[in-house]
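For reference, the structure discussed in these notes is given below.
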Amino acid sequence: MVLRAIGAPLVWEARPAPVPGPGEILVAVEACAVCRTDLHVVDGELPNGRLPIVPGHEIVGRVVARGPGVASPAPGTRVGIPWLGHACGHCPYCAEGRENLCDAPEFTGFTRDGGFATHVVADAAFAFPLAGFEDPVAAAPLMCAGLIGWRSLRRAGEGRRIGLYGFGAAAHLLAQVLVWQGREVYAFTRAGDAGARALALRLGAVWAGGSEERPPELLDAAILFAPVGALVPLALRALRKGGRVVCGGIHMSDIPSFPYEILWEEREILSVANLTRADAVEFLDLAPRAGIRAETSVYPLRRANEALDDLRRGRFQGAAVLVP
C-alpha cells in the first residue's frame, strides 16, 4: 500500500519482491501495526520524507533472505522492525550512544519502504529477533507504541504517580508496565471517551478522566501521547513540585503560552525522539516477564486506508494491525 502524494489515499500496487543489499535482510511481513506517526506521514506533517513511500514501522515477520555480509538473523527467524531503520554509527550522537538523535538516520515507512506490504527490506542490525513472541499480531504494536512508551517512561523518571494523556496504543501498553512495576496510573482521555476510560481501569489504572480534569492526587510525571500542545499546560498544573511532563510524540500541535508559575518549582518539559536499539533490547526482554498484551483490531492489508481513518477518528481501542 503506497503513499504517492501527501494527503492522498494509499494505493495498492503489485511489485517484484525486493532484493536485500549488503547488510540487509528480506522479511515476509506477518503483521504491521498502524501508528499515529503513519497519519503524520500521510498528512505531510513530518519534514524530509520520501515519495512514493510504503508506510508502516511496527513490523513483525520472518526472514526469508539475507544480503551480502549478513550472518544473522537466520532465514525463518521471526524479527521485529521498528521506526529507526538505520543510524550512521559515526556522528557525534551515535558515538555517544544516542543513535536516536543520529545526524543521518533512516526511518522505516518514511525514508525507506515499510511494512504496509507483504515483504520489506530492513537493515539487519536494526531488526530484533522475537523468540518467544508467538503471536505476530500481538507483537506488532510493541515495535513502536511499546518502545516509545518505554523510552518515554525512562525520561519520566522513577516517580510513583504517572499520568498518561491520550489512552491509545502506547498508553495502554505502558499502563501494563507501570502496574507491573507497582506504580499508579492516572489515565486522561478525550471528553466522553468511555471506552478508553473503561480500558484504562480494566488494565489497572487507579483513576481515569477527561484531559481537562484534575487528578485526585498530584502527579510525579505526566506522559503525553496525544499530539495536542494544549495538553502541556494542563499536565503542568497536575504535577507536584519537581515533576516532569514528557512529550512522547514525533509531532504535536503548537503549545499555547502559559504562566511561568505552573513551570516554576523545578517542573520540567521533555521530549522523546525516536528510539535506540538498547531501548528495544530492554523492552523486549521486559514485555514477556510483565505479561504485556496488546489490544488489537485486525484489518486486511488492502484495508489500510480504513485502518488509518479509524485511527484518526478514534474508532477502536488499543492498536490497529494490518495482516497481509
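Using this note's numbering, read the sequence shown as starting at 143 and increasing by one per residue. Quick reminder that beta carbons are idealized off the backbone N, C-alpha and C, glycines included.
Nearest-angstrom Cβ-Cβ length linking residue i and residue j, presumed shorter than 8 Å
| i | j | result |
| --- | --- | --- |
| P210 | A436 | Wrong, their Cβ atoms sit about 35 Å apart, outside the cutoff. |
| A287 | G227 | So it is not a contact: roughly 17 Å between Cβ atoms. |
| A347 | A317 | 6 Å |
| C177 | H199 | 7 Å |
For residue i, the three-state DSSP class (helix, strand or coil)
| i | result |
| --- | --- |
| G391 | coil |
| L417 | coil |
| I434 | coil |
| R382 | strand |
| A329 | strand |
| A173 | strand |
| V423 | helix |
| L152 | coil |
| E410 | strand |
| I404 | helix |
| A461 | strand |
Residue i classed as buried or exposed, judged by whether at least 16 other C-beta atoms fall within 10 angstroms
| i | result |
| --- | --- |
| I195 | buried |
| G149 | exposed |
| Y328 | buried |
| W154 | exposed |
Between the CA atoms of residue j and residue i - distance to the nearest angstrom
| i | j | result |
| --- | --- | --- |
| A216 | V205 | 7 Å |
| F425 | P197 | 24 Å |
| R297 | R240 | 14 Å |
| P160 | T253 | 16 Å |
| L366 | V321 | 18 Å |
| G222 | S214 | 14 Å |
| L464 | A173 | 6 Å |
| G337 | Q459 | 7 Å |
| E248 | V262 | 14 Å |
| P375 | A175 | 31 Å |
| R303 | L168 | 43 Å |
Quiz item: In chain order, which alpha helix (DSSP H) runs of at least 4 residues are fully inside the region 255–325?
Solution: Listed in chain order, they are 278–281, 287–298 and 311–322.
Practice problem: Jot down the residue ranges of each uninterrupted alpha helix (DSSP H) in the region 181–262, minimum 4 residues, whole runs only, in chain order. | Solution: If only uninterrupted alpha helix (DSSP H) runs of at least 4 residues are considered, those enclosed by the region 181–262 are 234–237.
Exercise. Taking only runs that begin and end inside the region 336–376, name each unbroken beta strand (DSSP E) of 3 or more residues, in chain order.
Key: Counting only runs of 3 or more, we get 349–352 and 361–366.
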